[in-house]
Amino acid sequence: MNPENRVDTIPYTPLHTYKDLERKEIAGIGVLLLVINDAGNIYIVEEKNPTKEGYNIIAETSKYGEFMADTVRGALTEEVGVDDQDFRDFQYVPQQSYQGRLLFPKNGQQLHADIVVIAYTGNKKKFNSRNEVKGVGFKSLREILDDSDQLRPGILPALQLVSQNNTIPKIMESIKNGRAKLVFIDERLTADLYFNQRQQKPDLLNY
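Numbering (the working numbering), first residue to last: 343 to 549.
#1: DSSP state of V475, grouped into three classes?
#2: Would you mind stating whether A369 and Y536 have Cβ atoms separated by less than 8 Å?
#3: So, is N391 buried or exposed, given that buried needs 16 or more other C-beta atoms within 10 angstroms?
#4: So, is N519 buried or exposed, given that buried needs 16 or more other C-beta atoms within 10 angstroms?
#5: Using 8 Å as the cut-off, can you tell me whether the segment 474 to 488 makes contact with the segment 435 to 447, which would need three or more C-beta pairs spanning the two stretches below that distance?
#6: Would you call the CB atoms of I513 and V435 closer than 8 Å?
#7: Specify, as a first and last residue, the run of the beta strand (DSSP E) that T403 falls within.
#8: Quick one: give me the first and last residue of the beta strand (DSSP E) that Y310 is part of.
#9: Could you check which residue in P495, K467, V459 and N508 has the C-alpha nearest to that of R415?
#10: Scan the segment 423 to 508 and note each continuous alpha helix (DSSP H) run of 4 residues or more that stays entirely inside, going in chain order.
#11: Return the residue from the list Q427, L376, I371 and R521 that minimises the CA-CA distance to E421.
#12: Kindly indicate which residue of K361, Y354, L363 and D412 has the alpha-carbon position closest to the one of K543.
#13: Classify Y536 as helix, strand or coil using the three-state DSSP reduction.
#14: Let me confirm a value: G407 is counted as buried when at least 16 other C-beta atoms fall within 10 Å, else exposed. Which label applies?
#15: Indicate the three-state DSSP secondary structure (helix, strand or coil) for I510 in the structure shown.
#16: May I ask you to report which of helix, strand or coil DSSP gives L376?
#17: In whole angstroms, what separates the C-alpha of T532 from that of Q541?
Below is the structure:
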């Protein structure tokens, strides 16, 4: 990557409550989630009623009191739309899946977005979202970057960060070598129960 196109992250600060946001003067916190398949391609979504925003990776606002892992699980149940049988098909790699934090524009504000890359090891091509987006399918990082004018504003830096860190090949190699862990660890949960319980919590926004 060209030095002038280098993406630098902002410092990570734990943010779980409204007081945290007020103290740091931050508008909100969320996760930008890249879900890759066994070919290293990234899952893309779009609005069910398409707007000028374009294609998107998985973007989810954190809920009050959530940790990053909770928001990732929330993104999978809500935006992706996983069902109970999918739980064991999502894996992360410690020290590799988390890429850092970037500023992300939303509703005229700059939120703090944690960039996370996880792997989907199942065989579905698309999922049925539980919210206002629909799945487009898996696309290669190069294909997405080459067609970046079709992306929602604010998504490109996250993709560039993953590209400059060579993250996708590293995660695929780690999974091959057995270093990955399951994203969903509580087998008593159902996808609908997790989604419905999480919907009762307020978004962690300060505007």
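From the three backbone atoms N, C-alpha and C, an ideal C-beta is built for every residue, glycine too.
Looking at the atomic coordinates:
#1: Correct three-state label for V475: strand.
#2: In this structure, Y536 does not lie closer than 8 Å to A369 by Cβ.
#3: N391 is exposed by the Cβ-count criterion.
#4: Residue environment analysis places N519 among the exposed positions, since fewer than 16 neighbouring C-beta atoms fall within 10 angstroms of its C-beta.
#5: Cβ pair count under 8 Å is below three, so no.
#6: In this structure, I513 lies near V435, with their beta-carbon atoms less than 8 Å apart.
#7: Residues I400 to T403.
#8: No answer is possible for residue 310: the residues shown for the chain start at 343 and end at 549.
#9: For the set P495, K467, V459 and N508, the Cα lying nearest the Cα of R415 is the one of V459.
#10: Annotation note: the segment 423 to 508 contains the following uninterrupted alpha helix (DSSP H) runs of length 4 or greater, listed N- to C-terminal: 483 to 488 and 498 to 506.
#11: For the residues Q427, L376, I371 and R521, the minimum Cα distance to E421 belongs to L376.
#12: Distances from the alpha-carbon of K543 to those of K361, Y354, L363 and D412 put D412 closest.
#13: Helix at Y536.
#14: G407 comes out exposed.
#15: Taken through DSSP and simplified to helix, strand or coil, I510 comes out as helix.
#16: Strand at L376.
#17: Roughly 14 Å between the two C-alpha positions.
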